[in-house]
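Residue numbers (my numbering): 6 to 526.
Every residue gets a Cβ at the ideal spot worked out from N, C-alpha and C, and that includes glycine.
Presented below is the structure to which this report refers.
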């Protein structure tokens with residue numbers, strides 16, 4: 006333990022030595038995260054850990070207000086657009102742009118810049134088109150029919166059909182249609198933006214050392230309220246014990262995904278615990294319909310019944326998680342906390358497996374990522390499945406590698422994989438469950454397809470009445486779980502442990518945070 010602490014201290018000193026004196030002051034926040042971020046091109050990246058960084062650098066036309074924790078879902082507020090109008094039929098969005106905004110490279114933000122960005126991630130006929138970007142932003146762009154400049158500060162986007170979830174769909178973590186400097190794209194090329202991420206946000210990019218740190222600093226020319234911090238350093242610290250040691254030694258001021266069994270001790274030692282009861286994501290398992298065993302609904306139901314979710318919530322997550330039985334997460338308008346699908350029933354699971362021809366057992370491959378504290382849960386699930394006769398081989402991959410495999414869909418030799426994900430719009434289940442969301446058109450990694458579910462999801466996005474929309478999504482959720490298409494396991498109340506020096510941090514009902522409001526003593 007002493008050796009590790011010494012190495013961490015040396016690492017922190019080495020990082021500090023690379024920064025100018027002003028950045029070593031109290032205004033520098035260092036955040037220990039459980040995994041490395043993906044590339045910092047918002048149009049061509051995915052995952053909440055990446056959006057933790059890109060959210061600070063880039064902005065969209067609208068944004069979610071993340072300064073409030075005591076709300077069920079983040080309110081939509083103006084961003085780079087001061088206002089927008091939606092046509093009576095729900096297909097035309099007219100955005101009035103914010104005047105006087107500049108990108109971090111000093112170039113102007115205007116309607117031409119907006120059109121350039123839309124062309125980059127949507128319009129295949131444009132010379133600005135970037136194929137990789139469209140693959141990530143497809144859930145947002147597949148609705149777009151046309152993008153037009155009305156005047157230098159007004160843009161009109163016409164959709165192919167009404168979708169009252171569309172605006173919020175563009176504010177999520179898998180493919181982010183945020184505004185990138187057109188001049189930066191022209192200068193560095195589509196692939197070069199990953200190393201030169203230039204947006205309009207309250208922080209601007211400084212440097213990135215892969216696997217070591219990413220550094221951003223306050224944007225002195227920000228159009229809105231300036232950030233309080235001078236700099237933020239994001240450090241990928243995959244090992245949970247390493248993150249805890251770094252926090253206790255003062256080398257970082259915030260850690261994500263703290264080990265559950267360490268949280269109370271850290272609180273007792275004077276650190277602060279922040280959680281969010283309405284996070285928009287759940288942890289769940291994709292079941293692969295291309296796998297011969299998983300294709301049998303009895304096997305899928307048996308897997309659902311074999312896992313003791315309540316035990317995971319109580320024994321592992323302690324006070325920072327809840328058992329989940331459906332695919333609608335707490336941070337959406339459609340969530341029903343009373344919904345239950347498959348309760349823990351190992352005897353019933355054994356009976357179903359025997360009926361499916363696996364009375365003598367079954368061997369399956371389970372792909373997952375090396376990430377945070379998840380190994381404890383994975384071992385629990387492996388043990389529960391073993392109890393009913395399912396012998397699971399765990400195949401683990403580094404996070405970024407895993408994301409590529411997960412997004413590409415499972416081959417027939419793999420039975421299941423897992424992810425922690427969701428969105429503040431219930432329309433996110435379109436991406437993982439629709440027939441036409443199978444890779445590469447989406448991230449339906451298990452190749453699930455039920456046309457009746459698709460019809461319900463089609464109807465939900467057309468519904469402007471929130472109560473009716475909620476009812477439709479809940480019907481879709483029930484049908485998905487009747488098919489045992491996934492194994493929802495638990496939601497994570499987003500525990501964040503902070504140094505008492507950190508002030509103003511808000512843990513909103515979202516997977517990322519507004520760090521412009523944070524300060525240090």
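Contact check, residue i vs residue j, beta carbons under 7 Å
| i | j | result |
| --- | --- | --- |
| residue 371 | residue 397 | yes |
| residue 200 | residue 158 | no |
| residue 314 | residue 494 | yes |
| residue 489 | residue 389 | no |
| residue 49 | residue 123 | no |
| residue 77 | residue 283 | yes |
| residue 289 | residue 452 | no |
| residue 411 | residue 450 | yes |
| residue 84 | residue 68 | yes |
| residue 258 | residue 504 | yes |
| residue 345 | residue 478 | no |
| residue 171 | residue 146 | no |
| residue 336 | residue 429 | yes |
| residue 523 | residue 509 | yes |
| residue 236 | residue 33 | yes |
| residue 208 | residue 198 | no |
| residue 507 | residue 239 | no |
| residue 62 | residue 285 | no |
Contact test: residue i Cβ vs the ligand ADP heavy atom, cutoff 6 Å
| i | result |
| --- | --- |
| residue 115 | This structure does not include the ligand ADP; it has no bound ligands of any sort. |
Integer Cβ distance of residue i from residue j, believed to fall under 8 Å
| i | j | result |
| --- | --- | --- |
| residue 66 | residue 86 | 4 Å |
| residue 3 | residue 275 | Absent from the structure is residue 3, since the part of the chain shown begins at 6 and ends at 526. |
| residue 467 | residue 167 | 5 Å |
| residue 328 | residue 420 | The pair is not a contact, with the Cβ atoms about 22 Å apart (cut-off 8 Å). |
| residue 174 | residue 432 | 6 Å |
| residue 303 | residue 360 | 6 Å |
| residue 347 | residue 306 | 6 Å |
| residue 109 | residue 204 | 6 Å |
| residue 444 | residue 409 | Contact doesn't hold; Cβ gap of about 11 Å is too wide. |
Given residue i as reference, the closest of the options once Cα atoms are compared
| i | options | result |
| --- | --- | --- |
| residue 458 | 487, 444, 445 | 487 |
| residue 266 | 58, 317, 399, 160 | 317 |
| residue 460 | 310, 107, 438, 470 | 438 |
| residue 320 | 174, 346, 264 | 264 |
| residue 405 | 32, 47, 51 | 51 |
| residue 182 | 443, 60, 491, 474 | 60 |
| residue 255 | 501, 36, 478 | 36 |
| residue 39 | 303, 247, 341 | 247 |
| residue 163 | 304, 209, 99, 441 | 99 |
| residue 271 | 500, 510, 523, 511 | 500 |
| residue 521 | 232, 213, 112, 74 | 232 |
| residue 165 | 424, 96, 109 | 96 |
| residue 73 | 511, 526, 516, 525 | 511 |
| residue 112 | 475, 161, 189 | 189 |
| residue 179 | 446, 471, 483 | 446 |
Reduced DSSP category for residue i - H, G, I as helix; E, B as strand; rest coil
| i | result |
| --- | --- |
| residue 146 | helix |
| residue 295 | coil |
| residue 13 | Note that residue 13 scores a pLDDT of 36, beneath 50, so its modelled location is shaky and nothing firm can be said. |
| residue 30 | Residue placement at residue 30 is flagged as unreliable, the pLDDT there being 39, under the threshold of 50; a coordinate-derived value is accordingly withheld. |
| residue 476 | helix |
| residue 101 | strand |
| residue 59 | helix |
| residue 305 | helix |
| residue 408 | helix |
| residue 434 | helix |
| residue 211 | strand |
| residue 54 | helix |
| residue 189 | helix |
| residue 113 | strand |
| residue 222 | strand |
| residue 365 | coil |
| residue 236 | strand |
| residue 530 | Nothing can be reported for residue 530, as the shown portion of the chain is limited to 6 through 526. |
| residue 415 | coil |
| residue 397 | strand |
| residue 348 | coil |
| residue 518 | coil |
Interface flag, residue i vs chain D, CB-CB below 7 Å
| i | result |
| --- | --- |
| residue 154 | The chain inventory of the structure shown lacks chain D, comprising one protein chain alone. |
Identity of the residues DSSP links to residue i by a beta bridge
| i | result |
| --- | --- |
| residue 242 | According to DSSP, which records beta bridges pairwise, residue 242 is partnered with nothing at all. |
| residue 67 | 83 |
| residue 402 | 374 |
| residue 281 | DSSP output for residue 281 lists no bridge partner at all. |
| residue 153 | 161 |
| residue 180 | According to DSSP, residue 180 bridges with nothing at all. |
| residue 38 | 241 |
| residue 328 | 495 |
| residue 261 | 501 |
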